[in-house]
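Letter 49 of the first sequence, counting from 1, is numbered 284 in our numbering, and no numbers are missing.
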Amino acid sequence: MLQINYIRQHADLVKTKLSKKHFADLGLVDQVIALDEQLRKLKNETESLQSAVNAASKEIGVLMAKKELEAAEAKKLEVAQHKTSLQQLNQQLADTEKRLLDDIIKLPNLPNDDVPDGKTPAENVVVRTGGEMPTLYDGATPHWDLIKKYDLVDFETGVKLTGSGFPLYKGKGAKLQRALIQYFLDFNTTAGYTEYLPPLMVNEATAYGTGQLPDKEGQMYHVTEDKFYLIPTAEVPVTNIYRDEIVKETDLPIKMTAYTPCFRREAGSFGSDVRGLNRVHQFDKIEIVQLVHPETSYSTLDEMVAHVEKLLQSLELPYRILRLCGGDMSFASAITYDFEVFSAAQQKWLEVSSVSNFEAFQTNRMKIRLKDASGKTQLLHSLNGSSLALPRIVAGLLENKQTAEGIVLPKVLHSYFGAAIIM
RNA sequence: GGAGACUUGUCCGAGUGGUUGAAGGAGCACGCCUGGAAAGUGUGUAUACGGGAAACUGUAUCGAGGGUUCGAAUCCCUCAGUCUCCGCCA
Numbered sequence: 236m237l238q239i240n241y242i243r244q245h246a247d248l249v250k251t252k253l254s255k256k257h258f259a260d261l262g263l264v265d266q267v268i269a270l271d272e273q274l275r276k277l278k279n280e281t282e283s284l285q286s287a288v289n290a291a292s293k294e295i296g297v298l299m300a301k302k303e304l305e306a307a308e309a310k311k312l313e314v315a316q317h318k319t320s321l322q323q324l325n326q327q328l329a330d331t332e333k334r335l336l337d338d339i340i341k342l343p344n345l346p347n348d349d350v351p352d353g354k355t356p357a358e359n360v361v362v363r364t365g366g367e368m369p370t371l372y373d374g375a376t377p378h379w380d381l382i383k384k385y386d387l388v389d390f391e392t393g394v395k396l397t398g399s400g401f402p403l404y405k406g407k408g409a410k411l412q413r414a415l416i417q418y419f420l421d422f423n424t425t426a427g428y429t430e431y432l433p434p435l436m437v438n439e440a441t442a443y444g445t446g447q448l449p450d451k452e453g454q455m456y457h458v459t460e461d462k463f464y465l466i467p468t469a470e471v472p473v474t475n476i477y478r479d480e481i482v483k484e485t486d487l488p489i490k491m492t493a494y495t496p497c498f499r500r501e502a503g504s505f506g507s508d509v510r511g512l513n514r515v516h517q518f519d520k521i522e523i524v525q526l527v528h529p530e531t532s533y534s535t536l537d538e539m540v541a542h543v544e545k546l547l548q549s550l551e552l553p554y555r556i557l558r559l560c561g562g563d564m565s566f567a568s569a570i571t572y573d574f575e576v577f578s579a580a581q582q583k584w585l586e587v588s589s590v591s592n593f594e595a596f597q598t599n600r601m602k603i604r605l606k607d608a609s610g611k612t613q614l615l616h617s618l619n620g621s622s623l624a625l626p627r628i629v630a631g632l633l634e635n636k637q638t639a640e641g642i643v644l645p646k647v648l649h650s651y652f653g654a655a656i657i658m
């Protein structure tokens, strides 16, 4: 959520930046400013009236104590008159407050100046590429065939148990998941991230905190009986750990990592986009989240990008890093880097990580603040990224590492998997 | 699932309708004392929003939300959570 004071003071700049994100409804900015002005006026009136009522009530108390009952009764009448208009004012105030919140929440985060112009994924900028493109042998096939060949995932039984998009990992496929999870968590904790294992269902307040509610409830599974939501990413419970907290400057940076299954309903899409492990309803992901001082969030971003890049390099996969253009960025992000692994047998790039700086957009909503040495409180900046999402990493490993003998795993996984090759 | 007790500031803890944003203590910060420290002692010690150049000031907040009242931490209702006992399950 954008900060109202900033919008008020920089209305034109806000509009310019929103256009870069291809946000159409710029009138909303003016509407928000108008509502804010109205709100503050109402607040003023309400509070001074309330102040008068409070003072009168105190006087009544004093009069009662002195047994001057008649005078007290007279005061009561006086207060009663104020109360009617106070009620009206309070009602107006609540309405205006709600309208303002409803509107301001629809404004996406402002893009950083480094974000490239553009509207579609085609306009994202490739920052760099790394790893080696494999030379595939003649019998090379896409990962969904390899999964069958080595009996790693039983999609059909997954359908039987739950429905499409719920893979049943099996044998070496299941063990590979466990190996990757363990490796990624170790990699992250070695870099100073504290490991968490959060609840997989969250309540409304938590879903609201990271912005899944109110608008995107459609992408989450909803347990209506208990008003819980299955998490679409560990980012949701993990970032909310610090919701409504004020942290000491010396506690920064806060670095957290968590493995969780992720649940996504996401309708639409068809064809090869959803084949095999390319897009599923339940998948495993390890997330990294940082809460940092606002002045250092961009060096933290660089650090996180380098962290994920190192992890991909260790997996010996061909990858590229994209800086997303304004139109392709998520609602809450100020700048986003996507990591894609080249899936050799499909001849396409698969997104395996997305690292973003949200600046104060999420923390404003969640009221995650910092108390600095001078005693001033200010909003922290939040960042997160995947390190990494498993299904597409598995797809990448299978497709790029396939040989006539089997899938040759990268060295870092050997001890975790207990073997060097899947055959 | 049944019965009961409870939820106050960083922590402990008082407070059952009237200047209570909240006694007292601990902790913490700064100062005095000391060669230095401890002890002692003094002062300070929530958050948000609004007004003000500032000093300061208004409103709200005692688990959350609603209600009664001129006035609620205190009374009523709903919800959440914690603890104890019983039942059930692992």
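Where is the CB? At the ideal position from N, CA and C, for every residue including glycine.
Cα-Cα separation between residue i and residue j, rounded to whole angstroms
i, j, result
"Gly400", "Leu270", "44 Å"
"Gln613", "Ala580", "49 Å"
"Val267", "Thr598", "20 Å"
"Tyr370", "Glu551", "Checking the sequence shown, residue 370 turns out to be Thr, not Tyr. Each residue's alpha carbon lies about 13 Å from the other."
"Thr531", "Glu430", "22 Å"
"Ala287", "Ala259", "45 Å"
"Leu432", "Leu284", "50 Å"
"Thr424", "Thr492", "7 Å"
"Cys497", "Lys451", "15 Å"
"Val524", "Pro488", "10 Å"
"Pro449", "Tyr443", "6 Å"
"Ile199", "Ser578", "It is not possible to answer for residue 199, since the shown part of the chain is limited to 236 through 658."
"Gly393", "Thr281", "59 Å"
"Tyr494", "Ala409", "15 Å"
"Ile242", "Val264", "8 Å"
"Gln316", "Asp479", "38 Å"
"Cys560", "Leu615", "25 Å"
"Gly446", "Leu298", "52 Å"
"Phe652", "Leu403", "18 Å"
"Lys252", "Gly453", "28 Å"
"Val527", "Asn475", "15 Å"
"Ile339", "Glu313", "39 Å"
"Ser254", "His649", "49 Å"
"Phe390", "Gln412", "15 Å"
"Leu396", "Arg627", "22 Å"
Residue i, buried or exposed, once every other Cβ within 10 Å from all chains shown has been counted against 16
i, result
"Gln326", "exposed"
"Ala541", "exposed"
"Ala469", "buried"
"Asn359", "buried"
"Asn279", "exposed"
"Pro356", "exposed"
"Thr364", "exposed"
"Tyr418", "buried"
"Thr535", "buried"
Beta-ladder partner(s) of residue i, from DSSP
i, result
"Thr364", "Arg555"
"His616", "Val527"
"Asn660", "The requested residue 660 does not occur in the structure, where the chain is confined to residues 236 to 658."
"Lys583", "Ser578"
"Val288", "BP columns for Val288 are empty, so no partner."
"Thr429", "Met491"
"Thr571", "Ser591"
"Val716", "Nothing in the structure corresponds to residue 716, since the chain is present only between 236 and 658."
"Lys483", "Lys606"
"Ile656", "Val643"
"Cys662", "Coverage of the chain is limited to positions 236 through 658, which leaves residue 662 absent and any answer about it impossible."
"Ser621", "Glu522"
"Gln637", "Ile642"
Residue i and residue j closer than 8 Å at C-beta
i, j, result
"Leu547", "Val629", "no"
"Phe566", "Asn344", "yes"
"Thr331", "Leu277", "yes"
"Asn635", "Pro553", "yes"
"Glu522", "Val473", "yes"
"Lys354", "Ile481", "no"
"Phe596", "Leu336", "no"
"Ile570", "Val361", "no"
"Tyr464", "Tyr456", "yes"
"Leu633", "His378", "yes"
"Lys256", "Met564", "yes"
"Gln582", "Leu381", "no"
"Glu484", "Ala307", "no"
"Lys341", "Gly427", "no"
"Lys310", "Ile295", "yes"
Residue i: CB within 7 Å of a non-hydrogen atom of the ligand COA
i, result
"Thr445", "In the structure shown, the ligand COA is absent, as is every other ligand, since no ligand is present at all."
contact_flag[the stretch 515-523, the stretch 638-657] where n(CB pairs < 8 Å) is 3 or more: no
Cβ pair count under 8 Å reaching 3, the stretch 584-603 against the stretch 615-622: yes
Three-pair Cβ contact test at 8 Å for the stretch 283-296 versus the stretch 375-395: no
contact_flag[the stretch 534-554, the stretch 567-584] where n(CB pairs < 8 Å) is 3 or more: yes
Stretch pair the stretch 431-444 + the stretch 316-331: three plus CB contacts closer than 8 Å: no
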